[in-house]
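First the structure, in the form of structure tokens, and then the observations on it.
There are 2 protein chains.
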Amino acid sequence: MRIGLLGCGNVGGALVPLLRDRADEIALRTGLRLEITRVAVRNTARDRGLDLADGVITGDATAVVSDPDVDVVVEVIGGIEPARGLISAALAAGKPVITGNKELLANVGVELFEMADDHGVDLLFEAAVAGGIPLIRPLRESLRGEPVRRVMGILNGTTNFILSKMSAEGADYGEALAEAQALGFAERDPTADVEGYDAGAKAAIIASIAFGAKVVAGDVYHEGISGVTAADIAIADRLGYAVKLLGIAERDDDGAIGVRVHPAMVPMSHPLASVRDSFNAVFVEGDAVGQLMFFGRGAGGFPTASAVLGDLIDAAVNLRRGTHAHPGRFADARIASIGDSRAEYMLAIDVDDRPGVLHSVTGVFADNQVSIRAAEQEGAGDEARLVFITHVAREADVQATVAGLRNLDVVRRVGSLLRVVGD
Amino acid sequence: MRIGLLGCGNVGGALVPLLRDRADEIALRTGLRLEITRVAVRNTARDRGLDLADGVITGDATAVVSDPDVDVVVEVIGGIEPARGLISAALAAGKPVITGNKELLANVGVELFEMADDHGVDLLFEAAVAGGIPLIRPLRESLRGEPVRRVMGILNGTTNFILSKMSAEGADYGEALAEAQALGFAERDPTADVEGYDAGAKAAIIASIAFGAKVVAGDVYHEGISGVTAADIAIADRLGYAVKLLGIAERDDDGAIGVRVHPAMVPMSHPLASVRDSFNAVFVEGDAVGQLMFFGRGAGGFPTASAVLGDLIDAAVNLRRGTHAHPGRFADARIASIGDSRAEYMLAIDVDDRPGVLHSVTGVFADNQVSIRAAEQEGAGDEARLVFITHVAREADVQATVAGLRNLDVVRRVGSLLRVVGD
């Protein structure tokens, strides 16, 4: 089974030696010998130390896809174009495709899944969400009969590393980000990670698969972690919560789907709370199965290459047997408004320290039908801060409360608004 | 797609309403309508409150299997016979089978997998290990290319509940067992759970699938939790470890497979340490993927029925398309001797409290080439106890050390021997 590899960076560069090491055992267990016969790269001059035979490396990705000596295509270039065109061409030629491209799938995934199904070949993408963690296959297959209510995940290792550092060391956001950058866990421009766009693309893919619906990246509500302070984390910790950036996909009783990414307070006893450093985890709640969690490395060359290789074997076995995975049908998604989402909230407010302040502040909550579960004052005088945890409330009502609080004379600053999740 | 259900206890009784509730959505997503048309039970007179049509219930399981109006068979009777005969008959008739029967698969699984493959139909068994947690499919498919080194699991909810109680409340084993029995988490005769036989059967199945080898229940080394004391748990806790009953399947560099079940000390920072109460979790270590963990409900009617339903949809879709899952080939297993297994050990020894005792005791360790990483004395006088943690040592050497210590005059009692795992 001859493989054409598009892209040979972090993941592709790990796949080459992994497949070489495992080829004998795979042949023993499946009867198929997998071999990478063509590799398309941008810079053909660079020595990747991969010991590839002469003529394997090329700069022409289109030629790899159309090469009659390529049976299966692996796309690890990333981005929407030219990946979309290359994958479409491969599928149209009846070649199965393995991709780890979350941006592509979160935008035009359903179009590609349907194209693959029309051409009777596999389009597999375990590597696109949560790296090496088997998640897509369990969601697509094991949980196909399960009434999944909600999927929540720590889907971005960079932000989990930063929040873990802030929590363990009391570091500020800026310090923790700088450390993540120094260690190579964060990009020089960290926007896609820290503002939740990376996690949002993954959440959109998860929602599509979990609910069989056409959810795209544009449907996702985003808040990042750049506004989370060391003080927020300290307050959460004292109250028994860890602060995590969660991607959440949920379906309400009417079938509306909500997909959002935001920092959240997770109770310490919740399995997601102990997922530290750059690890990822995805927590699934279903009516029959109860609670499930999948934990592991969400990024990195070898973990991601492991996911690609699992898909590759599957696609190769299917191709040999003339079959393919059935992606199922995707319904149009009715996206729930973020304003209608419901949670408990933690809100910290810097206030003047004088009689009547608590009364004025709680009046704003009451006017907006937001009920308070716990309130406490930290510090005094110029340092006075009120910390509230609400009962379950509507996002729109809480946002109106925040706006109302900003208009109060006695309120100096309205700090972070953190949703409490998983209680 | 007409389903014949063999057994209608906890799992079968949950599958009937779950499938009824989900049939429309499954039809929408797969194009297949699943319906339970025959149910074989031992006691046909009992009212199960399942609202089944007349004529669905029967006492004759063989007739269900051979009924031309049954396309797929679900076996949730348990035990080796008559399940083995019924499953064989269904496979021979070209009918896919879904089973949750760990005892059967841990003894004659490979024979049945090969039979299914010969007849070109599915034999799926996600429910047999770790209940509702998708584990078998990820191991069989997602990780097919992964060089898996070791799989360790909390595979039995009863013992995890007991150990969690002992840890949280300082309870003795007997008290915690009685509470588990009162709550219905433990059988009146708890032997299969507390002595590790249930976890052992699951570990054998995991080893077969993870390593593609013929591992059976008889290959598993067992130690249960009935010897674990509140003092052991307290010492472990003070040293930063949780005590868990682990099922471990590992493969060494020479390809020998070790499969064992025993209580172990797991560092508090390890993901398995925070798996509490009756939850299960399976931790996978691979050379490429790194660390993975799968967490959820390992038992219970609805979680297990959810796993059965996922398999059922898969088998039905495959049957309609004339294909089936390829189980891969199973090699003969070379089973490593438990004496050759290697770990760090914690050993607590009650001793006379007088000069020279530590010297005598450590001499026994030295004579057996067991190197000590940490030693400390607890209590004094009649309460004196020495606690040792070894460096990584061979099991046989540690057992020889224990035997040698028992012969020392100054040693009053050699207490628990707990392996340290996951450091």
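Residue numbers (the numbering used here), protein chains in the order written: chain A, 1021 to 1443; chain B, 1021 to 1443. C-beta: ideal position from N, C-alpha, C; glycine also.
Query                                                                                                                                                                                                 : Result
For the structure I just gave you, are there three or more beta carbon pairs, one from the stretch 1124 to 1135 of chain B and one from the stretch 1220 to 1229 of chain B, closer than 8 angstroms? : yes
Between which residues of its own chain and G1173(A) is the CB-CB distance below 6 angstroms, once the five residues before and five after are set aside?                                             : G1267, V1302
Identify which residue in V1390(A), V1263(A), L1159(A), V1337(A) has its Cα closest to the Cα of F1181(A).                                                                                            : V1263(A)
Please list the segments of the beta strand (DSSP E) lying wholly inside the stretch 1040 to 1120 of chain B, counting only runs of 3 or more residues, in order along the chain.                     : 1055 to 1060, 1092 to 1095, 1117 to 1119
From the DSSP output, which residues share a beta bridge with R1170(B)?                                                                                                                               : E1270(B), E1305(B)
With 16 as the cutoff for other CB atoms within 10 Å, does S1298(A) come out buried or exposed?                                                                                                       : buried
Would you call the CB atoms of R1323(B) and G1151(B) closer than 9 angstroms?                                                                                                                         : In the sequence on display, residue 1323(B) carries Pro and not Arg. Yes, these two residues count as a Cβ contact at 9 angstroms.
Taking its Cβ as the centre, do 16 or more other Cβ atoms sit within 10 Å of L1132(A), making it buried, or is it exposed?                                                                            : buried
Using 10 angstroms around the beta-carbon of H1344(A), count the other beta-carbons present and answer buried if the total reaches 16, otherwise exposed.                                             : buried
What residues from the stretch 1130 to 1154 of chain B come within 8 angstroms of chain A, judged by C-beta to C-beta, listed N to C?                                                                 : E1146, G1152, I1153, P1154
Could you tell me whether any Cβ in chain B is nearer than 9 angstroms to the Cβ of I1118(A)?                                                                                                         : no
What residues in the stretch 1159 to 1172 of chain A have a beta carbon less than 9 angstroms from any beta carbon of chain B?                                                                        : L1159, E1161, S1162, L1163, R1164, G1165, E1166, P1167
Going along the stretch 1253 to 1279 of chain A in order, which residues come within less than 8 angstroms of chain B, judged by CB to CB distance?                                                   : none
According to the Cβ coordinates, are G1474(B) and I1333(A) closer than 9 angstroms?                                                                                                                   : Since the displayed chain B opens at 1021 and closes at 1443, residue 1474(B) lies outside it and no answer follows.
Can the beta-carbon of G1120(B) be found less than 9 angstroms from the beta-carbon of E1101(B)?                                                                                                      : no
Would you please verify whether the beta carbon of L1378(B) is less than 9 angstroms from any beta carbon of chain A?                                                                                 : no
Excluding the 5 residues flanking G1330(B) on each side, which residues of the same chain have their C-beta closer than 7 angstroms to its C-beta?                                                    : E1146
In angstroms with no decimal places, state the Cα-to-Cα distance between G1033(B) and G1321(B).                                                                                                       : 7 angstroms
Considering only their Cβ atoms, is the gap separating M1313(B) from M1366(A) smaller than 9 angstroms?                                                                                               : no
How would you label T1179(B), buried or exposed, when you count the other beta carbons within 10 angstroms and need 16 or more for buried?                                                            : buried
Could you give the residue range of the alpha helix (DSSP H) that holds H1379(A)?                                                                                                                     : 1377 to 1387
Just reading off the alpha helix (DSSP H) that T1421(A) is part of, what are its end residues?                                                                                                        : 1415 to 1426
Alpha carbon to alpha carbon, how far is D1274(B) from I1229(B)?                                                                                                                                      : 18 angstroms
Keeping to the same chain, check which residues put their C-beta closer than 6 angstroms to that of R1170(B); ignore five residues upstream and five downstream.                                      : E1270, E1305
Quick check on DSSP: helix, strand or coil for G968(A)?                                                                                                                                               : Missing from the structure shown is residue 968(A); chain A here goes from 1021 to 1443 and no further.
Can you give me the start and stop residues for the beta strand (DSSP E) that G1278(A) sits inside?                                                                                                   : 1277 to 1287
Counting C-beta neighbours from all protein chains within 10 Å, is the total for P1158(A) 16 or more, i.e. buried, or is it exposed?                                                                  : buried
Please state whether DSSP places T1410(A) in a helix, a strand or coil.                                                                                                                               : strand
Would you mind telling me which residues of chain A sit closer than 9 angstroms to R1317(B), beta carbon to beta carbon, in chain order?                                                              : V1309, G1310, Q1311, L1312
Would you mind sorting H1346(B) into buried or exposed? The rule is 16 or more other CB atoms within 10 Å of its CB.                                                                                  : buried
Is V1377(B) closer than 9 angstroms to G1424(B) when the C-beta atoms are compared?                                                                                                                   : no
Near A1110(B), what residues of its chain come up, given a Cβ to Cβ distance below 6 angstroms and the 5 sequence neighbours on each side ignored?                                                    : V1085, V1093, V1117
In chain order, which beta strand (DSSP E) runs of at least 3 residues are fully inside the stretch 1334 to 1375 of chain A?                                                                          : 1362 to 1371
In the DSSP output, which residue or residues are listed as bridge partners for Q1397(B)?                                                                                                             : L1406(B)
Look at the Cβ atom of R1049(B), then the Cβ atom of G1114(A), and state whether they are nearer than 9 angstroms.                                                                                    : no
Please classify A1136(A): is it buried, with 16 or more other beta-carbons within 10 angstroms of its beta-carbon, or exposed?                                                                        : buried
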